[in-house]
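J.: Protein chains in written order, with the working numbering: chain R, 1 to 247; chain Z, 1001 to 1260; chain G, 2001 to 2341.
Just so you know, even glycine gets a beta-carbon here, dropped at the ideal spot from N, CA and C.
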Amino acid sequence: MHDTRKPKQSVETHEHPHERGPVSIDINNITVKYSDGTAPLRDISLHLNAGETVALIGSNGAGKTSLLLALVGILLPEKGSIAIGDVPVDKEHMLTVRRKVGLVFQNPDDQLFMPKIYDDIAFGPRNFGHGEEEVREKVAAVLSALGISHLSNRSSLKLSGGEKRVCAIASVLVMNPRVLLFDEPTAFLDREAKARFLGILAGLGQTRIIATHDPDFAKTVADRVVVLKDGRIARDSPASEGSVTLL
Amino acid sequence: MIANRVHDLYVLENLSDKDTPIHRLHPGVKILATFVFIIVTVSFNRYDVLGVVPYFLYPTLVMSLAEIPYKLLLSRFLIALPFCAFAGVTNLLLDRQTAFVLGGAAVSFGLLSLITILLRAYLCVMAVFLLIATTPFTSLTRELRRFHVPAVFILLIEMIYRYIGVLVDEASSMSIAYKLRSVDSKGIAMKHMGSFVGQLAIRSMDRGERIYAAMMCRGYSQPTHGHPSHSGPSIADICVCAVLIAAFLLLRVFPVLHML
Amino acid sequence: MHMADALLTPAVGGAMAAVSVAAIAYSAAKIKKEDFTNSKVPLMAVSGAMVFAAQMINFTIPGTGSSGHIGGGILLAALLGPWAGLLALAAVLIIQCLCFADGGLLALGCNIFNMGVIPCLFIYPLLFRPIFSRTPSPKRSSAASIVSVIIALQLGAFAVVSETAASGIVQLPFSAFLLLMQPIHLAIGIVEGIVTAAILVFVHNARPEILTAAAAYGKTQAAADGKPRSARKVILVFAVIAAACGIGLSLLASSYPDGLEWSIAGVTGAPELAAQGAAADALAAIQERFSFMPDYDFAAGDGTGTSVASIVGAILVFAAAGGAALLIRFAKKSKRAKAQS
């Protein structure tokens, strides 16, 4: 096996340097089913303008995580379609989708799987066939942008919950995604770490979907709040509008 | 109690980010030297105490050059000792023929072989501990790429090393929660082990799926990260390696203490 | 039971390492062929880590007051299939060897063979799968795991005894050592087998597909190859290799008590050298010394003088090592003090 082997679809991931800005998201009437027949998502339609931030709220099992996984093509819908900008989310365009969309998992321990933080953050760029020199520059840039350069050589085991969260975000940001998805980003965070996360969020320009079960948090970060219930959209309203409850 | 063991696991590696001449040596050099050292020390026959003794210089010098606290390594060595000590003591009991008389006291062959086994155990254990305490874990594993270990296997070792900490934490809090609710706090009752470890196993399989999803999100299609984290060894590294190996072999072929 | 470096000769350790490397390479190639290799790696990693964590859990054995812990070979094979199970277990053993000096580097080959290759590549396909997978049920999975764990541990203990005996460092006779080890491991095996059974029954009830998928794993591969019996063939080959190694090693051990000594002589051509040069006398003296220690028959009086000198020499080595260590420490300290002031 060759060390520097590029992904099979590398031609397709070619990117014009000026295409850097946020892109829109189009979810068109999708239904997702598991192999055992249960459907975590049913007839979901949702449109996000480029640069918009939507909070996805709902109780446990409402389908928040499934929707995020469908957006990165880990769960493929049985019917309906999803498009990130002008790229459809399907098997053929998978690597392009993965490059454009960054997903920050609920538990940083699922995302940070290497002994050293550096390798975790370098993982994505290496997979997309960048050379070691370039990878090092990208990692250094994202680490200093997030103010965590000192963590580069550390093991994620010795980090606090907040530090781990920032590292997980770094491992996604390093790939320059146009869309950012967060799954319960404030879980396990104390107040200070939460404030820090909000600060990072404010500095990002991507189109964002943030899944959370915390209505107050949703209102502070999002332009729009979408409520999921039993795999369907129960409500879609501007964040400023009225009180948001879990229904 | 379980958490202590996690601490034990990573405590040696915590020493590996120091900056000493030994830490700066190329990892490949250290791997090779350690292997040769171990093979040479165990190649002496079972009564040859004197042949093995000069090899003490190596761990002692490396330990002080690398500023590794000897107490830590020594206590770790004692934990690893019992099986060898047991085997050595059976030799002492079985092999009572006198080898020579020293100042009026008869020294048996069994005693000689007991001492050799203990010396060998000390040297082999120390060599490995010093390797891990002076080399970051990923530098070691990536170096294995140069020895043609498959990338999948290296990725696997690194991921297990990472998740041991997570899983042991999980097992540890589960067992604390269990003990707080049980009368006998000695351990998990055997009849509960099935669901205890079973839970852990199923959760782990689920976690495996999530990790895989997180890896795919970042474009994972196959293990590509087999790059050695170091460039090749410098000339100085190669010289040090050659000198070390030559010294080990010379001491084997010309056991100085026998010549006195 | 971890085999230790100190009880091995390089020949035995090296031969077992060769067998284990071959088994690992074969398993890696085997799982690479499957489509889902890549999804399997994180699964293997977390399962390996899980077994490592589970090994640390002490459980109380009813009626004995003692405690035990699980081994994990059969458990991993049952969760992941034989090939992936072996790789995960081998990786765990490597980490234990490096971080806890469980066993040692030279003994790694022995330990991977005793605790990984035996349960995953021999016992799992030959015993566990046939018992379990005809009509998978909790009852069958517990029967399969109890039988498999007991037999695997018996073979593992036998392997430890054989490797020790072939090395000849420990003088406990083969039969006595065997009589000591087998019953102990029978008891351990029964307890561990019951616990493994309970774990697998739990997994089977919650997620039956995990165990059946693992059991189908090697089989579908064999069917796809069009060689339905290939797994057995491989096992047979491995068994023959292992047996051949064992016999070869015992022969080697008996005719050349010290493998490396013999090979060094071969490489450097020491005997010829001795005949030619000025170093001849020195070498002859060394050879005398070499033979002086292993042979039982020398007069006590002869040895005393030389051994006193040698013992003084040994003490000097320790003193030199200690002195050098102190010196280095002192030098570093004063350097640091200077840097601070």
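1. So with CB distances below 7 angstroms, who are the chain R contacts of residue 1037/Z?
2. Within the 7 angstroms Cβ cut-off, does residue 1209/Z reach chain R?
3. Can you give me the C-alpha to C-alpha distance between residue 1117/Z and residue 1086/Z, rounded to a whole angstrom?
4. Residue 1024/Z CB to nearest chain R CB: under 7 angstroms?
5. Is the CB-CB distance between residue 209/R and residue 54/R below 7 angstroms?
6. Buried or exposed: which applies to residue 1122/Z, given that a residue is buried once 16 or more other Cβ atoms fall within 10 Å of its Cβ?
7. With 7 angstroms set as the bound, which would you pick, yes or no: does the beta-carbon of residue 1030/Z sit closer than that to a beta-carbon of chain G?
8. Might you give, ordered along the chain, the residues of its own chain that have their beta carbon closer than 8 angstroms to the beta carbon of residue 88/R, omitting 5 neighbours on each side?
9. If contacts are defined as beta-carbon pairs under 8 angstroms, then residue 159/R and residue 172/R qualify, I think. What distance do you get, rounded to the angstrom?
10. Just the Cα atoms here: how many angstroms apart are residue 140/R and residue 2196/G?
11. Along the stretch 1168 to 1194 of chain Z, where does the CB come closer than 9 angstroms to a CB of chain G? Name the residues.
12. Using only the alpha-carbon positions, how far apart do residue 2103/G and residue 137/R sit?
13. In terms of alpha-carbon separation, which member of 176/R, 144/R, 108/R, 95/R lies closest to residue 189/R?
14. For residue 1159/Z, decide whether its Cβ has a neighbour in chain R, counting only Cβ atoms nearer than 7 angstroms.
15. Within 10 angstroms of its Cβ, does residue 1037/Z collect 16 or more other Cβ (buried), or is it exposed?
16. Provide the residue span of the alpha helix (DSSP H) that contains residue 1192/Z, from first to last.
17. Are the beta-carbon atoms belonging to residue 1023/Z and residue 1138/Z less than 7 angstroms from one another?
18. Quick one, are the C-beta atoms of residue 1120/Z and residue 2006/G less than 7 angstroms apart?
19. Does residue 2228/G come out as helix, strand or coil in the three-state DSSP assignment?
20. Could you please tell me which residues of the stretch 102 to 114 of chain R, in chain order, have their CB closer than 7 angstroms to any CB of chain Z?
21. In chain G, what lies closer than 9 angstroms to residue 1231/Z by C-beta?
22. In chain R, what lies closer than 8 angstroms to residue 1166/Z by C-beta?
23. Report back the beta-carbon spacing between residue 174/R and residue 142/R to the nearest angstrom; my notes put them in contact at under 8 angstroms.
24. Closer than 8 angstroms, Cβ to any Cβ of chain Z: which residues of the stretch 2034 to 2061 of chain G, in chain order?
25. Per DSSP, residue 1091/Z forms a beta bridge with which residues?
26. Around the C-beta of residue 34/R, are 16 or more other C-beta atoms found within 10 angstroms, so that it is buried, or is it exposed?
27. Starting from the N-terminal side, write out each stretch of the alpha helix (DSSP H) that is 4 residues or longer and does not extend beyond the stretch 116 to 199 of chain R.
28. Anything in the stretch 159 to 174 of chain R with a Cβ closer than 8 angstroms to a Cβ of chain Z? List those residues in chain order, please.
29. Run through chain Z and tell me which residues come within less than 8 angstroms of residue 74/R, C-beta to C-beta.
30. Whole angstroms is fine: what's the gap from residue 124/R's alpha carbon to residue 1213/Z's?
31. Do residue 2082/G and residue 2124/G come within 7 angstroms of each other at the CB atom, strictly closer than that value?
32. Using the C-alpha atoms, what's the distance from residue 50/R back to residue 56/R?
33. What residue from 204/R, 153/R, 227/R has the CA that sits closest to residue 20/R's CA?
34. In chain Z, what lies closer than 7 angstroms to residue 2317/G by C-beta?
35. Establish whether the CB of residue 1203/Z and some CB of chain R are separated by less than 7 angstroms.
36. Please report how far the alpha carbon of residue 117/R lies from the alpha carbon of residue 2031/G, in whole angstroms.
T.: Well, looking at it:
1. Those within 7 angstroms of residue 1037/Z in chain R number zero; the least Cβ separation is about 25 angstroms.
2. For residue 1209/Z, no Cβ of chain R is located within less than 7 angstroms of the residue's own Cβ.
3. Approximately 10 angstroms, taken between the alpha carbons.
4. Chain R, which has no Cβ nearer than 7 angstroms to the Cβ of residue 1024/Z, makes this no.
5. Contact flag set, yes.
6. So residue 1122/Z ends up on the buried side.
7. At a cut-off of 7 angstroms between beta-carbon atoms, residue 1030/Z makes no contact with chain G.
8. Contacts found: 81, 82.
9. Contact between residue 159/R and residue 172/R is ruled out by a C-beta separation of about 16 angstroms, above the 8 angstroms threshold.
10. If you take the alpha carbons of residue 140/R and residue 2196/G, they lie about 46 angstroms apart.
11. Those would be 1168, 1169, 1170, 1171, 1172, 1174, 1175, 1184, 1186, 1187, 1188, 1189, 1190, 1191, 1192, 1193, 1194, in chain order.
12. C-alpha separation (whole angstroms): 41 angstroms.
13. Ranking 176/R, 144/R, 108/R, 95/R by CA distance to the CA of residue 189/R puts 108/R first.
14. Interface annotation, residue 1159/Z: in contact with chain R, CB-CB separation under 7 angstroms.
15. Buried, because 16 or more other Cβ atoms sit within 10 Å of the Cβ of residue 1037/Z.
16. Taken as a continuous stretch (DSSP letters only), the alpha helix (DSSP H) holding residue 1192/Z covers 1190 to 1217.
17. Against a cut-off of 7 angstroms, the Cβ pair of residue 1138/Z and residue 1023/Z comes out as no contact.
18. Yes. Within cutoff.
19. Since pLDDT at residue 2228/G reaches only 44, below the 50 mark, its modelled position is unreliable, and the value read off the structure follows with that caveat. Secondary structure at residue 2228/G: coil, using DSSP grouped into helix, strand and coil.
20. When C-beta distances to chain Z are compared with 7 angstroms, the residues of the stretch 102 to 114 of chain R below that value are 103, 105, 109, 110, 111, 113, 114, in chain order.
21. Result: empty, since nearest Cβ-Cβ is about 23 angstroms, beyond 9 angstroms.
22. The answer, in chain order, is 109, 157.
23. A Cβ-Cβ distance of about 4 angstroms is found for the pair residue 174/R and residue 142/R, placing them in contact under the 8 angstroms criterion.
24. Result list: 2037, 2038, 2039, 2041, 2042, 2043, 2044, 2045, 2046, 2047, 2048, 2049, 2050, 2052, 2053, 2054, 2056, 2057, 2058, 2059, 2060, 2061.
25. According to DSSP, residue pairing for residue 1091/Z in a beta bridge does not occur.
26. That one is exposed.
27. Here the runs fully enclosed are 117 to 127, 132 to 145, 161 to 173.
28. Within the stretch 159 to 174 of chain R, the qualifying residues are 171, 172.
29. 1213, 1216, 1217, listed in chain order.
30. Approximately 13 angstroms, taken between the alpha carbons.
31. It is a contact, given that the beta carbons lie within the stated cut-off.
32. Linking residue 56/R to residue 50/R through their CA atoms gives a straight-line distance of about 17 angstroms.
33. Taking residue 20/R as reference, the option from 204/R, 153/R, 227/R with the minimal CA-CA separation is 204/R.
34. Under a criterion of Cβ atoms nearer than 7 angstroms, the residues of chain Z adjacent to residue 2317/G are, in order, 1053, 1054, 1056, 1057.
35. The beta carbon of residue 1203/Z sits no closer than 7 angstroms to any beta carbon of chain R.
36. The straight-line gap from Cα to Cα measures roughly 28 angstroms.
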